[in-house]
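Asks: Per my numbering, residue 299 is the first one in the sequence shown, and the count goes up by one each step. Every residue gets a Cβ at the ideal spot worked out from N, C-alpha and C, and that includes glycine. Here you go, one structure.
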Amino acid sequence: EAVALMCQSQLRLRVERPDTGMRAPAWQLRTPSARAVDLLARVDAALVQASGPLGIQAANDAMALDLYRALDRRLSRRGKALGLIGFDDQDAARTEGLSSMTPPLAALGDTAARLLLDGLGGRPLPSLTRLPSMLAARASTAAVAGNG
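See below:
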């Protein structure tokens with residue numbers, strides 16, 4: 299049974315269980331240090347409950363790296379598989395082995411400008427716009443790669 303923790307932004311965390319569709323409410327996190335302590339407590343609880351791999355998706359690489367560094371020792375003691383992925387593929391993610399989604403920055407800017415101009419021009423706007431991102435798979439997801 300897989301458990302996924304979604305770090306929606308630097309201030310919120312949501313727990314999901316994809317196998318059941320369960321979504322727990324988001325917790326408000328206060329400061330970077332409180333954020334790290336609160337996240338670690340949530341991850342510890344999820345590690346105890348999970349019978350399968352645990353996955354965490356952070357809103358950005360900075361948040362994911364804080365968690366990645368703190369979790370390294372915890373996971374080896376518990377013998378649990380965890381996959382951690384960030385978003386924006388910063389240099390530090392590459393250096394430390396953090397898997398990350400690489401957004402298409404040029405396309406993102408072009409699309410935002412086009413949508414802004416369309417909206418200002420009175421043209422209808424789509425309710426959702428998707429842009430393909432690339433996954434840079436690294437060491438932080440290697441432990442769960444075979445547990446899908």
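1. From the DSSP output, in three-state form, read off T393 for me.
2. For I383, tell me which candidate among L338, A404, A356 has the shortest Cα-Cα distance.
3. Helix, strand or coil for A324? Go by DSSP, reduced to three states.
4. Say yes only if the C-beta of S397 is nearer than 7 Å to one or more non-hydrogen atoms of the ligand MN, and no if none qualify.
5. Of the residues A390, Q388, S398, D389, which one's Cα is nearest the Cα of I354?
6. Hey, A405 and L429 are a contact pair by Cβ (cut 8 Å); roughly how many whole angstroms apart?
7. Would you report the Cα separation of G381 and S438, rounded to the nearest angstrom?
8. What first and last residue would you give for the beta strand (DSSP E) that runs through A280?
9. Would you kindly work out how many angstroms separate the C-alpha atoms of L345 and L352, rounded to a whole number?
10. Give the straight-line distance between the Cα atoms of V341 and S425, rounded to the nearest whole angstrom.
Replies: Checking against the coordinates, here is how it stands:
1. helix
2. A356
3. Because A324 sits at a pLDDT of 42, beneath the cut-off of 50, its placement in the model cannot be relied upon, and the point is left open.
4. Of the ligands one can find in the structure shown there are none, so the ligand MN has no counterpart to examine.
5. S398
6. 5 Å
7. 6 Å
8. Here the chain has residues from 299 to 446 only, and residue 280 is not among them.
9. 7 Å
10. 33 Å
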